[in-house]
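A quick write-up on the structure given underneath.
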Amino acid sequence: MPRRYLISSLLQPKPPLKLIKSLSHLKQIHAQLLTNDRLKSPPILAQLIQRFSSPLATTHAHLILTHFHPPNLYLFNVLIRCTKPRDSIHLFAHWVSKSSLSFDDSTYVFVLGACARSCTVVSVLFEGKQVHARVIKHGFLSDVMVGTTAVHFYASNRDVGSARRLFDEMAVRSSATWNAMIKGYCSQKLKVGEYARDAFALFKEMLVGDVSGVTPTDTTMVCVLSAASQLGVLDTGTCVHGYIEKAIYTPELDVFIGTGLVDMYAKCGCLDSAMYVFKRMKERNVLTWTAMVTGLAVHGKGKQALEILDAMEAHCVKPNSVTFTSLFSACCHAGLVEEGLCLFHSMEREFGIEPLIQHYGCVVDLLGRAGHLKEAYSFVKDMKVEPDAVLWRSLLNACKVHGDVVMGEKVGKILLQLQQQTELSVVESSDVSEDYVALSNVYAYAERWEDVGMVRDMMKIKGIQTKPGCSSVQSFRGRLLDV
Numbered sequence: 001m002p003r004r005y006l007i008s009s010l011l012q013p014k015p016p017l018k019l020i021k022s023l024s025h026l027k028q029i030h031a032q033l034l035t036n037d038r039l040k041s042p043p044i045l046a047q048l049i050q051r052f053s054s055p056l057a058t059t060h061a062h063l064i065l066t067h068f069h070p071p072n073l074y075l076f077n078v079l080i081r082c083t084k085p086r087d088s089i090h091l092f093a094h095w096v097s098k099s100s101l102s103f104d105d106s107t108y109v110f111v112l113g114a115c116a117r118s119c120t121v122v123s124v125l126f127e128g129k130q131v132h133a134r135v136i137k138h139g140f141l142s143d144v145m146v147g148t149t150a151v152h153f154y155a156s157n158r159d160v161g162s163a164r165r166l167f168d169e170m171a172v173r174s175s176a177t178w179n180a181m182i183k184g185y186c187s188q189k190l191k192v193g194e195y196a197r198d199a200f201a202l203f204k205e206m207l208v209g210d211v212s213g214v215t216p217t218d219t220t221m222v223c224v225l226s227a228a229s230q231l232g233v234l235d236t237g238t239c240v241h242g243y244i245e246k247a248i249y250t251p252e253l254d255v256f257i258g259t260g261l262v263d264m265y266a267k268c269g270c271l272d273s274a275m276y277v278f279k280r281m282k283e284r285n286v287l288t289w290t291a292m293v294t295g296l297a298v299h300g301k302g303k304q305a306l307e308i309l310d311a312m313e314a315h316c317v318k319p320n321s322v323t324f325t326s327l328f329s330a331c332c333h334a335g336l337v338e339e340g341l342c343l344f345h346s347m348e349r350e351f352g353i354e355p356l357i358q359h360y361g362c363v364v365d366l367l368g369r370a371g372h373l374k375e376a377y378s379f380v381k382d383m384k385v386e387p388d389a390v391l392w393r394s395l396l397n398a399c400k401v402h403g404d405v406v407m408g409e410k411v412g413k414i415l416l417q418l419q420q421q422t423e424l425s426v427v428e429s430s431d432v433s434e435d436y437v438a439l440s441n442v443y444a445y446a447e448r449w450e451d452v453g454m455v456r457d458m459m460k461i462k463g464i465q466t467k468p469g470c471s472s473v474q475s476f477r478g479r480l481l482d483v
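Heads up: the sequence shown begins at 1 in the UniProt record's numbering, then just goes up one per residue.
Right, dumping it as structure tokens:
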């Protein structure tokens, strides 16, 4: 784009910002800002910042902000909203130290939201608590959106207790507030059953105990259906389905609720109901199709799951990496080795999806379950990505199941070498002990007791201990025995 045309375009009442498509254009605009006051319109600059939220352009967007004296809060809020979460947090901390901006409720909503999203990479609980302290200090906690975002932040960073305390202390709560807390319960990876029950209890409280007149939304119902699927309570899930039909609308008209129902029925073991809802849905996205594939996979319906993939292509819906993970799982449960291998080779060739480490792991599991241990080993050695301990562990377990001592010894030694190269802080001690025990069991299967003793001695030297445990079995007389 010629420089003269670029500048004249920006001076129009409604500048065609879609024409600005490169970082060099942004640099030209930045240069003009130094000399042309007509370009210092916050609405125009806000749109420019939104268009250049990539890491390379963030510095220039920040420089745009510094041209205002005093700094413009509107532009600052736009900047922290559209940049990466970690960058938003650092930018906020930088301007806090400068003490040249008086933040408003929108600022804290965006920063707490960034703290919530950053938890997918690394926990930012400490930074978020500091932001929360400033919220309290400056009197913004009474704002419903700020409080709701704070609840979401704590729940996303696994501090469910703080999220619930903050939720209970809020004088006014919107539907979004209830959804943030219910979703927070349903998204936890630990104590899943306990938190799922808490989600149901809070949903009941929302229906009968809230005096502000808020009602469940589609987001609420999707979360409650997720709780039902986590607990595997079909009766409760069916009741929720009935409530949706009666109080909200026909679920088949909403792709997200419909997908939640398909997922719930499938995970609760009612494939007929899952398929019934699936076929009645007016719109189905990739999540809907994947939920149906996952349900079929869990129940060993491998061929039906592969038929779903064909139907997806017929409906012009492109599968994603999660879809393929479920399809590989279906092949594993049904023993469809050839179909699984063909599926793997078609991922990148036909669908343009590069296999991830979990997809390689699924293929290794598929070959290992079928006893094709040499093929599995060759597959691992030819991988485009570096195999991790989980993948080698899967192959070692397959060697133990099929009694292949030679292959098991080879894989076991590779796994132990990998563990030695990895920092102890990164590797769970239970995983390390399981690897030694698995190799010991391979030797024991072949009655190579000297090698069993060697592995046990290595564990003693390295100070690796196995955790005692027990399993429950039903006796012939109906008593529960611990062994």
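Beta carbons are placed, not taken as given, at the ideal position from N, Cα and C, and that holds for glycine.
Mind reading off the beta-carbon distance from Gln188 to Val160? Whole number of angstroms is fine, and I expect it under 8 Å.
Between Gln188 and Val160, the beta carbon gap of about 6 Å places them in contact (Cβ cut-off 8 Å).
How is the alpha helix (DSSP H) around Lys183 delimited, first residue to last?
From DSSP, the alpha helix (DSSP H) with Lys183 extends over 175–186.
How many Å lie between Val452 and Leu418 at the Cα?
Near 20 Å, if we compare the C-alpha coordinates of Leu418 and Val452.
Give the single residue among Lys282, Lys98, Ile353 whose Cα lies nearest to the Cα of Pro71.
Among Lys282, Lys98, Ile353, the Cα nearest to that of Pro71 belongs to Lys98.
Taking buried to mean at least 16 other C-beta atoms within 10 Å of its own C-beta, is Cys268 buried or exposed?
Counting Cβ neighbours within 10 Å, Cys268 comes out buried, since at least 16 surround it.
Endpoints, the alpha helix (DSSP H) within which His138 is located:
Per DSSP, His138 is not a residue of any alpha helix (DSSP H), being assigned neither H nor E.
Under the rule that 16 or more other beta-carbon atoms within 10 Å means buried, what is Arg284, buried or exposed?
Answer is buried; the Cβ neighbour count reaches 16.
Can you tell me whether His152 is buried or exposed? The criterion is at least 16 other CB atoms within 10 Å of its CB, across all chains shown.
Buried, because 16 or more other Cβ atoms sit within 10 Å of the Cβ of His152.
Does the distance from the CB of Ser229 to the CB of Asp263 come in under 8 Å?
Yes, they are a contact pair.
Whole-angstrom distance between Cys399 and Val380, CA atom to CA atom
Between Val380 and Cys399, the C-alpha separation is close to 14 Å.
According to the Cβ coordinates, are Leu373 and Ala438 closer than 8 Å?
Result no, Cβ atoms of Leu373 and Ala438 do not sit closer than 8 Å.
Starting from Ala93, follow the alpha helix (DSSP H) in both directions and report where the run begins and ends.
Annotation for Ala93: the continuous alpha helix (DSSP H) segment containing it runs 85–98.
From Leu202 to Phe92, what does the alpha carbon distance come to, in whole angstroms?
Rounded to whole angstroms, Leu202 to Phe92 spans 34 Å at the Cα level.
Can you list, in chain order, the residues of its chain whose CB lies under 7 Å from that of Val208, leaving out five sequence neighbours each side?
None.
Do Gly258 and Val277 count as a contact pair if the criterion is CB distance below 8 Å?
Yes, these two residues count as a Cβ contact at 8 Å.
Within the continuous alpha helix (DSSP H) that includes Ser162, where are the two ends?
Ser162 -> alpha helix (DSSP H) spans 160–169.
Is the CB-CB distance between Ala297 and Ala274 below 8 Å?
Against a cut-off of 8 Å, the Cβ pair of Ala274 and Ala297 comes out as no contact.
Ile182 beta carbon less than 8 Å from that of Cys115
No; because the gap between Cβ atoms is not below 8 Å, this pair is not in contact.
In or out: Thr250 buried (at least 16 other Cβ within 10 Å) or exposed?
Under the 10 Å beta carbon count, Thr250 is surrounded by fewer than 16 other beta carbons and is classified as exposed.
Give me the Cα-Cα distance between Ser123 and Asp404, rounded to the nearest whole angstrom.
Distance between the alpha carbons of Ser123 and Asp404 is about 42 Å.
Within 10 Å of its beta-carbon, does Phe126 have 16 or more other beta-carbons around it, so buried, or fewer, so exposed?
Exposed, because fewer than 16 other Cβ atoms sit within 10 Å of the Cβ of Phe126.
Jot down the residue ranges of each uninterrupted alpha helix (DSSP H) in the UniProt repeat "PPR" (285–319), minimum 4 residues, whole runs only, in chain order.
Counting only runs that start and end inside the UniProt repeat "PPR" (285–319), the alpha helix (DSSP H) elements of at least 4 residues fall at 286–298, 302–314.
Note down the Cα distance separating His345 from Phe351, rounded to an integer number of angstroms.
Cα to Cα, His345 sits roughly 10 Å from Phe351.
Please report how far the alpha carbon of Val78 lies from the alpha carbon of Ser106, in whole angstroms.
For Val78 and Ser106, the gap between their C-alpha atoms comes out near 10 Å.
Quick check: what's the CA-CA separation for Ser394 versus Val364?
Cα to Cα, Ser394 sits roughly 7 Å from Val364.
Entirely enclosed alpha helix (DSSP H) segments - the segment 331–391, minimum 4 residues:
Listed in chain order, the complete alpha helix (DSSP H) runs (minimum 4 residues) inside the segment 331–391 are 337–351, 357–369, 373–381.
Using beta-carbon positions only, say whether Ser326 and Thr290 come within less than 8 Å of one another.
Yes. Within cutoff.
Cβ-based neighbour list, Leu415, same chain, cut-off 7 Å, excluding 5 preceding and 5 following
Closer than 7 Å at Cβ, skipping near neighbours: Ala389, Trp392, Arg393, Leu396, Asp435.
Assuming contact is defined by CB atoms lying nearer than 8 Å, are Phe324 and Gly340 in contact in what I supplied?
Taking 8 Å as the Cβ cut-off, Phe324 and Gly340 do not qualify as a contacting pair.
Confirm, please, whether the CB-CB distance from Ala163 to Gly147 is below 8 Å.
Not a contact, by the Cβ cut-off of 8 Å.
Return the Cβ separation of Ser88 and Val111 in integer angstroms, given the expectation that the two are a contact with Cβ distance under 8 Å.
Confirmed, Cβ separation roughly 6 Å.
I'd like to know whether the C-beta atoms of Asn179 and Thr149 end up nearer to each other than 8 Å.
No, the pair does not count as a contact, with Cβ atoms beyond the cut-off.
Beta-carbon proximity list for Leu424, same chain, < 6 Å, skipping 5 on both sides:
Note that Leu424 scores 46 on pLDDT, short of 50, meaning its location in the model is unreliable; the coordinates nonetheless yield the value given after this. Residues of the same chain with their beta carbon placed closer than 6 Å to that of Leu424 are lacking, with the five preceding and five following residues left out of the count.
Let me know if Asp198 comes out buried or exposed under the rule of 16 or more other beta-carbons within 10 Å of its beta-carbon.
Residue environment for Asp198: buried (at least 16 other C-beta atoms within 10 angstroms of its C-beta).
Would you identify the three-state DSSP class for Ser123, choosing helix, strand or coil?
Ser123 falls in the coil class under three-state DSSP.
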